[in-house]
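Residue numbers (my numbering): 23 to 146.
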């Protein structure tokens, strides 16, 4: 459960950047997408957290939510493998530019969801 709580805290911290400096967030996505390890980090981190969510889903106050999130994260990691590294990078660059104005409101929603994940993972 500590891993899920840490996931929630990390989500909240990253959301703060989205809220305070959405342009910085967009630029960080662009910079990160150019790193050689970008694609594999994205694939593996989603797969690992998906497995963690599935493993611990019964230990939370919302087992159906964590079960769903686990399968969703694993499906996204498989989808990223299918689309490939080049298309993944192009999508990241496109979305960093296209959604720059949406990052701030998305950050508020993301922060609230991270807080919810943290809360239900530690209060069971």
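The beta-carbon is built from N, C-alpha and C at its ideal position, and this holds for glycine as well. Keep in mind that this is a model prediction, so the values were computed, not measured.
query, result
"In the DSSP assignment, find the alpha helix (DSSP H) that holds residue 40 and state where it starts and stops.", "24–42"
"Please determine, among 126, 99 and 111, the residue with the shortest C-alpha to C-alpha distance to residue 42.", "126"
"Where does residue 69 sit, in a helix, a strand or coil, going by DSSP?", "helix"
"Count the other CB atoms, across all protein chains shown, that sit within 10 Å of the CB of residue 34; report buried if there are 16 or more and exposed otherwise.", "buried"
"Given a cut-off of 8 Å on the beta-carbon distance, is the pair residue 144 and residue 27 in contact?", "yes"
"Mind checking residue 116: buried by the 16 CB within 10 Å criterion, or exposed?", "exposed"
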